[in-house]
Amino acid sequence: MKEYKTITEISGPLVFVDIDEPVAYDEMVEIETPDGEVKRGQVLESTDEFVAIQVFEGTEGVGQDASVRFLGETLKMPVTEDLLGRVMDGSGNPIDGGPDIVPEDRRDIVGEAINPHAREYPEEFIQTGVSAIDGMNTLVRGQKLPIFSGSGLPHSDLALQIARQASVPEEEDSEGGGSEFAVVFGAMGITAEEANEFMDDFERTGALERSVVFMNLADDPAVERTVTPRMALTTAEYLAFEKDYHVLVILTDMTNYCEALREIGAAREEVPGRRGYPGYMYTDLAQLYERAGRIKGRDGSVTQIPILTMPGDDDTHPIPDLTGYITEGQIMLNRDLNSQGVTPPVNVLPSLSRLMDDGIGEGLTREDHGDISDQLYAAYAEGEDLRDLVNIVGREALSERDNLYLDFADRFEDEFVDQGFETNRSVEDTLDLGWELLSLFPKAELNRIDEDLIETYYVEGESEAEAEEAAAAD
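Each residue of the sequence shown is one higher than the last, beginning at 1 in UniProt numbering.
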């Protein structure tokens with residue numbers, strides 16, 4: 001192994017080294033300082049004369065007297081089923097005080113693209129236990145469904161709730177239990193306080209037993225942040241496609257990941273794109289998000305929930321904008337709902353799951369799921385519009401029908417969306433609650449639900465009797 005002592009420049013997390021023979025892109029590097037400290041790095045740019053190396057542990061202590069060794073291989077993740085229950089740093093090293101990992105295999109963290117012809121269409125329901133997601137924006141196995149949040153909103157609590165509660169009811173109901181469920185949790189650029197909260201919750205609830213956790217903290221090098229999601233996804237792919245697990249990958253916070261890309265791009269003096277982010281950010285994000293999916297002939301699946309905080313709550317910002325292009329919908333958190341104490345503060349109106357229709361209905365969730373979701377959505381949208389009108393003309397000027405929709409909108413937020421971060425609702429409980437709320441209306445108002453379903457599920461109550469009395473009085 002040839003050793004170089006030809007460092008010419010150090011710029012932020014990058015080290016530039018003169019070379020006399022070709023070095024491969026993405027090749028792993030060891031940099032040894034004069035006092036014996038060894039840092040790991042990766043080739044970011046390679047020419048005939050020099051290479052640019054990004055150093056995972058930061059360039060502090062690295063000078064022109066340091067020696068550089070090229071290892072002749074790309075960064076690999078040691079994978080094994082025994083990773084379940086373990087906590088690692090952003091580079092895949094155990095930090096939980098447990099035994100060393102004895103890998104069954106070492107996988108390239110870039111992964112292998114899934115052949116589009118080999119992909120199986122996502123259409124099995126994943127239950128998160130959160131009504132606003134299960135009922136209105138259903139998550140499907142093999143889907144990538146991001147959560148768009150804002151600074152200060154409780155997206156971390158929602159992420160932990162999903163990690164704790166997520167399950168595949170269809171597999172649990174089948175004999176022999178079917179494929180097992182696992183969670184891979186990748187945290188990027190989080191504070192030590194957030195990391196402690198995550199770990200306390202994982203350990204308190206027992207969710208850690210079926211989870212693999214990767215932690216990159218805010219004071220860790222930005223370069224490591226670009227590696228963390230690839231480590232997490234490589235682990236997820238191994239568990240899914242080699243060990244037949246249904247794996248849910250939760251990545252938080254993708255905004256910190258993109259900031260790291262921008263920092264490295266600035267150090268390389270690249271021509272910036274929109275708002276200073278690199279022009280290749282779309283491609284880079286797609287390389288991560290497209291690693292979700294199912295493969296024909298394999299029982300396992302990889303489902304992704306990336307979480308990102310929109311700077312300034314701006315959904316046209318490059319990070320949510322590009323993420324929305326690549327993924328199959330979004331769950332939007334809302335600051336007004338949060339200030340009202342609604343938990344989780346999911347705004348169902350701009351939220352969307354593009355694959356929902358394929359993952360619900362008879363044999364998957366329940367035959368009334370699609371209709372009741374449409375009716376809840378329409379009624380809540382009308383109630384929201386009427387709230388704007390109330391601000392202008394006052395509630396007294398509205399008709400009895402309009403007041404009914406206003407009451408529904410309030411109850412929908414207070415009872416359906418607001419369930420707290422500890423409540424785990426089955427999809428049946430969610431749909432029954434939807435019927436209970438819709439039974440505020442007379443049957444004639446339920447114009448998006450099949451009449452047979454209304455006869456089966458409609459909850460006869462005071463609202464129907466009151467409506468009949470009002471009609472008789474008129």
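Glycine residues also receive a C-beta, built at the ideal position from the N, C-alpha and C atoms.
Practice prompt. Going by CA-CA distance only, name the one from Leu389, Cys258, His369, Glu290 that's closest to Thr226.
Written response: For the purposes of this step, residue 226 is identified with residue 226 of the sequence shown, where counting begins at 1. The residue with the shortest Cα to Cα distance from Thr226 is Cys258.
Worksheet item: Unbroken beta strand (DSSP E) runs of length 3 or more, entirely within the stretch 132-199: which are they?
Response: 147-149, 181-190
Practice prompt. Taking Thr191 as the reference, give the member of Asp20, Asn216, Ile53, Arg291 with the closest Cα.
Written response: For the purposes of this step, residue 191 is identified with residue 191 of the sequence shown, where counting begins at 1. Closest by alpha carbon: Asn216.
Worksheet item: Would the beta-carbon of Arg448 fall within 8 Å of that of Asp368?
Response: As a first step, residue 448 must be located in the sequence shown, where it is residue number 448. As a first step, residue 368 must be located in the sequence shown, where it is residue number 368. Result no, Cβ atoms of Arg448 and Asp368 do not sit closer than 8 Å.
Worksheet item: Any idea if Lys39 is buried or exposed, counting beta-carbon neighbours within 10 angstroms, 16 or more meaning buried?
Response: In the sequence shown, residue 39 corresponds to position 39, counting from 1. Label assigned to Lys39: buried.
Worksheet item: How is the alpha helix (DSSP H) around Arg395 delimited, first residue to last?
Response: By 1-based counting over the sequence shown, the position of residue 395 is 395. Looking at the DSSP string, Arg395 is not in any alpha helix (DSSP H), and its letter there is neither H nor E.
Practice prompt. Specify, as a first and last residue, the run of the alpha helix (DSSP H) that Val227 falls within.
Written response: For the purposes of this step, residue 227 is taken as the residue at position 227 of the sequence shown. That run of the alpha helix (DSSP H) goes 222-241.
Discussion item. Could you compute how far the alpha carbon of Glu21 sits from the alpha carbon of Pro13?
Written reply: Within the sequence shown, the letter at position 21 stands for residue 21. Within the sequence shown, the letter at position 13 stands for residue 13. Cα to Cα, the separation comes out at about 24 Å.
Discussion item. Counting C-beta neighbours from all protein chains within 10 Å, is the total for Met281 16 or more, i.e. buried, or is it exposed?
Written reply: As a working note, residue 281 is residue 281 in the sequence shown. It counts as buried.
Worksheet item: Is Asp108 helix, strand or coil when you go by DSSP?
Response: The count along the sequence shown starts at 1 and reaches residue 108 at position 108. Looking at Asp108 - three-state DSSP - the assignment turns out to be strand.
Worksheet item: Whose C-beta lies closer than 7 Å to the C-beta of Asn256 among residues of the same chain, with five residues either side of it excluded?
Response: The count along the sequence shown starts at 1 and reaches residue 256 at position 256. Closer than 7 Å at Cβ, skipping near neighbours: Met188, Gly189, Arg225.
Fill in: Reference Glu112; option with closest CA among Phe148, Tyr289, Gly129, Arg164
Translated into positions along the sequence shown, residue 112 becomes position 112. Among Phe148, Tyr289, Gly129, Arg164, the Cα nearest to that of Glu112 belongs to Tyr289.
Discussion item. Closer than 8 Å is the cut-off here; do at least three beta carbon pairs connect the stretch 57-72 with the stretch 98-106?
Written reply: no
Fill in: Best match in Gly279, Glu37, Val17 for proximity to Gly61 [C-alpha to C-alpha]
Stepping through the sequence shown from its first residue, residue 61 is reached at position 61. Among Gly279, Glu37, Val17, the Cα nearest to that of Gly61 is on Glu37.
Discussion item. Measuring CB atoms only, is the stretch 301-310 touching the stretch 140-153, in the sense that at least three cross pairs come out at less than 8 Å?
Written reply: yes
Practice prompt. Report buried or exposed for Gln54, applying the criterion of at least 16 other Cβ atoms within 10 angstroms of its Cβ.
Written response: One-based indexing of the sequence shown puts residue 54 at position 54. Gln54 is buried by the Cβ-count criterion.
Discussion item. Quick check: what's the CA-CA separation for Asp18 versus Ile7?
Written reply: Your numbering for residue 18 matches position 18 in the sequence shown. Your numbering for residue 7 matches position 7 in the sequence shown. Rounded to whole angstroms, Asp18 to Ile7 spans 7 Å at the Cα level.
Practice prompt. Give the secondary structure of Ile326 by DSSP, where H, G and I count as helix, E and B as strand, and everything else as coil.
Written response: Within the sequence shown, numbered from 1, the residue matching residue 326 stands at position 326. Helix at Ile326.
Worksheet entry | Which of helix, strand or coil DSSP assigns to Ala465 | If you number the sequence shown from 1, residue 465 lands on position 465. Reliability of the predicted coordinates at Ala465 is poor, the pLDDT of 49 falling under 50, and the value obtained from them is presented with this limitation in mind. Of the three classes helix, strand and coil, the one that applies to Ala465 here is helix, per DSSP.
Worksheet entry | Contact belief for Pro122 with Gly142 at Cβ below 8 Å, rounded distance in angstroms | Against the sequence shown, residue 122 aligns to sequence position 122. Against the sequence shown, residue 142 aligns to sequence position 142. That pair is a contact at about 3 Å.
Discussion item. Please return the same chain residues whose Cβ sits closer than 7 Å to the Cβ of Thr138, not counting the five positions on each side in sequence.
Written reply: Reading the sequence shown from its first residue, position 138 is the one you call residue 138. Excluding sequence neighbours, Thr138 sits near Phe125, Ser353, Met356, Gly359, Ile360.
Worksheet item: Under 8 Å between the Cβ atoms of Val247 and Gly300?
Response: Within the sequence shown, numbered from 1, the residue matching residue 247 stands at position 247. Within the sequence shown, numbered from 1, the residue matching residue 300 stands at position 300. Cβ distance < 8 Å, so Val247 and Gly300 count as in contact.
Worksheet item: Considering only C-alpha positions, which residue in the set Gly279, Glu9, Lys76 is nearest to Glu27?
Response: The residue labelled residue 27 in the question sits at position 27 within the sequence shown. Cα-wise, what sits closest to Glu27 is Lys76.
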